[in-house]
Amino acid sequence: MTESKEFAMELFDTLSRRRQMQVDKINKEELREIWQQITDNSFDSRLQIFFDMVDKNADGHITEAEVKEIIMLSASANKLSRLKEQAEEYAALIMEELDPEQLGYIELWQLETLLLQKDTYVNYSQALSYTSQALSQNLAGLRKRSPIRKISTKLSYYLEDNWKRLWVLALWIGIMAGLFIWKFIQYRHRYVFNVMGYCVTTAKGAAETLKLNMAIILLPVCRNTITWLRNTRAARALPFDDNINFHKTIAAAIVVGVILHGGLHLVCDFPRLIGSSEEKYAPLGKYFGETKPTYLTLVKGVEGITGVIMLVCMIIAFTLATRWFRRSLVKLPKPFDKLTGFNAFWYSHHLFIIVYISLVIHGEWLYLIRIWYKRTTWMYLAVPVCLYVGERTLRFFRSGSYSVRLLKVAIYPGNVLTLQMSKPPTFRYKSGQYMFVQCPAVSPFEWHPFSITSAPGDDYLSIHVRQLGDWTRELKRVFSAACEPPVGGKSGLLRADETTKKALPKLLIDGPYGSPAQDYSKYDVLLLVGLGIGATPFISILKDLINSIIKMEEEEEASGDLYPPIGRNKAHVDLDTLMRITSKPKRVLKTTNAYFYWVTREQGSFDWFKGVMNEIAELDQRNIIEMHNYLTSVYEEGDARSALITMLQALNHAKNGVDIVSGTKVRTHFARPNFKKVLSKIASKHPYAKIGVFYCGAPVLAQELSDLCHDFNGRCTSKFEFHKEHF
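Residue numbers (full-length UniProt numbering): 1 to 727.
What follows is the structure, given as structure tokens:
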């Protein structure tokens, strides 16, 4: 227990006392016996270890002071600073419950009786234990399948999950191949081939693919258009969730095209042209001049200069857009550290303006083409560039019209800033969507995307911003300066609202924009997984679900009130009442269940959405939404270091209905979830259901969830569809 040496020493002393050992060292056999006691997950064993750790004088009694001491030790070992602060309160809770006669001590049997009577410990900590029998039914027939059947099933599921991506990629690659071959053959039959050979044919083929890719790379980032198309039939055939991935894929193809086109011109075509004989060069004089040019003359020409400008701008933009620079994984000395982070990525990407101007000029000053309508660069670029410019213009004017008034600001533990603002009348959005935010006090040019955490039915907009980069750090600093320290009766957070004396910074918003999570309502069952601040898009979905449930219940009650009693001696139903009852469409909620798993490293993170979680737990009378919090700083259940925390957690929940870790009605598990068990549980509980798995967080877990979804799709009757949030 290298990270909790104090706890290890206490545990060692406890087990030594149990065996009447008063030594500083033990042999292997004694270690084995002690290890068996530590790793015994049975209720009796863990309860006995806890009791013995507290009862240091081994008199069979434990006092409130001893209970407080061991609570503080466990809290320290599990990095639970708040529990440490509340150790006295929870020690008093245990004594109040177990020592009603106020003897000043409790005994083991009292603690055991309480926990077993309440039936809290066994059920409360075993959320996923019941699934094995149901799962075996859902996986029936697995052993009977032949290898060929298994492969065909996996292949069919793979095609079902990826057919949109596959056909778009196939079409794109096919068009590129067609353009390359067409241009290659065209220059193969021109005289210039006799001088420059296959270098010029390959360079021109690559140039044609570059024209296409420089045009279509703008389409995946036309966010307004994509958001609109998501609500049309085009969403059935086009993978809009992968727009950023497609943007990156096109960028990679541009890199290859630039290397082929520019590289072959510089190292092959130009040297061959300069080294050609006068006789061979003569027919090319009308393109390059009567006098054979030098290498420097070719590079200094309009074509060469614009090509070099584009190359330099692309190298800068592509390099600073890589994960290492964009996420500041590369550590550079000052002042070069400004080249890392989101700001560097954002500003360098705007070099595309210079690139496109240079590209148009480059395309109009081609050496080997003199007829204007054969210079096709502008033809490729016209529609995508106009669409993109139109989008940016729309964003500029729309952001100016969306004037928002800040209603509430709070700064939570974990460097999280929550902003609640007025909702413009024309701002309509779906749960799971995001919007761009600009704060002129931080930067008058930068816009950053944030998931909307309020529900569509709320009369305000809210976002949660975690400090992860230079812009968010400055945003937190600006709002911290405007916030006021806590006063009596309020939580210990920095807050600000409309009554705050200091002026709050101005905010501009733009959106909303579509994301994978907005389509949650088409699934029978939802599995929502958020890591840290990645929970934000799902909070809105949970709030929207609970609002929909409440509206359905209200409509059912209203409908029942409208139906008057009918029959002998009953009131007559007039036609007007009957028409009003039958004409009003009933609200239908396709989603029958939602499972929310929130994994975080810090106990303070649970404050971010405490109010929402308590509201959902209180209003969800039909148990449609099941929420699970996971705190990875606490050792997994079964570890001796978290045994006391687990039992105290169960006791407090049984008595007060509140989790001691999260401070909500939602139970907190320890360590990270076993998602294989989670998917097993859902698959067994919902056979033949269409299950949407939505994830927002680190890429590592995304791959694990994606693989599990594919694995279960080939093994059970339920259908899992995985979606990952991209920004």
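Idealized CB from N, CA, C, for every residue including glycine.
Between Gly-604 and Gly-414, the C-beta gap is smaller than 7 Å, which places the two residues in contact. Fully contained in the region 595-633 are the following beta strand (DSSP E) runs of length 3 or more, in chain order: 625-631. A Cβ-Cβ distance of about 6 Å is found for the pair Thr-202 and Leu-264, placing them in contact under the 8 Å criterion. Distance from Pro-384 to Leu-218 at the Cβ level is roughly 4 Å; contact confirmed, criterion being Cβ atoms closer than 8 Å. Within the same chain, Cβ atoms closer than 7 Å to the Cβ of Val-666 are found at Met-613, Ala-617, Met-627, Asn-629 and Asp-659, the five residues on either side in sequence being excluded.
With 16 or more other Cβ atoms from the protein chains shown falling within 10 Å of its own Cβ, Leu-531 counts as buried. Contact check between the region 306-325 and the region 398-410: fewer than three CB pairs, one atom from each, fall below 8 Å, which does not count as touching.
When the alpha-carbon of Gly-714 is set against those of Phe-450, Tyr-287 and Tyr-157, the nearest one is in Tyr-157. The alpha-carbon of Asp-13 is positioned some 11 Å away from that of Ile-49. Lys-522 and Pro-516 have their C-alpha atoms roughly 12 Å apart. Contact annotation, Lys-204 with Thr-377: C-beta distance approximately 13 Å; criterion of less than 8 Å not satisfied. Val-302 and Phe-193 have their C-alpha atoms roughly 23 Å apart. Where Gln-438 is concerned, the enclosing beta strand (DSSP E) starts and stops at 434-438. Taking the C-beta atoms as reference points, Glu-64 is found no nearer than 7 Å to Ala-87. Annotation: the continuous beta strand (DSSP E) that includes Glu-721 extends over 719-724. Residue burial annotation: Met-379 is exposed, with fewer than 16 other C-beta atoms found within 10 angstroms of its C-beta.
A Cβ-Cβ distance of about 4 Å is found for the pair Phe-450 and Ile-463, placing them in contact under the 8 Å criterion. Pairing Leu-631 with Leu-31, the inter-Cα distance amounts to about 30 Å. For Val-404 against Ile-539, the beta-carbon gap comes to about 19 Å, at or over 8 Å, which does not count as contact. Rounded to the nearest whole angstrom, the CA to CA distance from Glu-474 to Val-442 is 6 Å. In the structure shown, Pro-413 falls within a coil segment according to DSSP collapsed to helix, strand and coil. A buried status is given to Leu-679, since no fewer than 16 other beta-carbon atoms sit within 10 Å of its beta-carbon.
Secondary-structure assignment with DSSP links Gln-48 through no beta bridge to anything. Tyr-520 places its beta carbon less than 7 Å from that of Gly-692.
Residue environment: Gln-37 is assigned as buried (16 or more neighbouring CB atoms within 10 Å of its CB, all protein chains considered).
Residue environment for Tyr-595: buried (at least 16 other C-beta atoms within 10 angstroms of its C-beta). The residues Asn-343, Trp-346, Gln-438 and Trp-471, in chain order, have a CB closer than 8 Å to that of Glu-446 in the same chain once the five nearest residues on each side in sequence are set aside.
Around the Cβ of Thr-536, a 10 Å sphere holds 16 or more other Cβ atoms; the residue is buried.
Restricting attention to Met-72, Asp-524, Arg-149 and Lys-150, the CA atom closest to the CA of Lys-590 is found in Asp-524. Phe-427 sits in coil when the DSSP states are folded into three classes, being neither helix nor strand.
Leu-461 is bridged by DSSP to Met-421. A check of alpha carbon separations from Ala-8 across Leu-73, Glu-69, Tyr-402 and His-61 identifies Leu-73 as the nearest. Rounded to the nearest angstrom, the Cβ distance from Arg-375 to Leu-366 is 6 Å, consistent with a contact under 8 Å. Less than 7 Å separates the beta-carbon of His-247 from that of Val-221. Close CB contacts of Gln-110 within its chain, under the 6 Å cut and outside five residues either way in sequence, are with Leu-98 (chain order).
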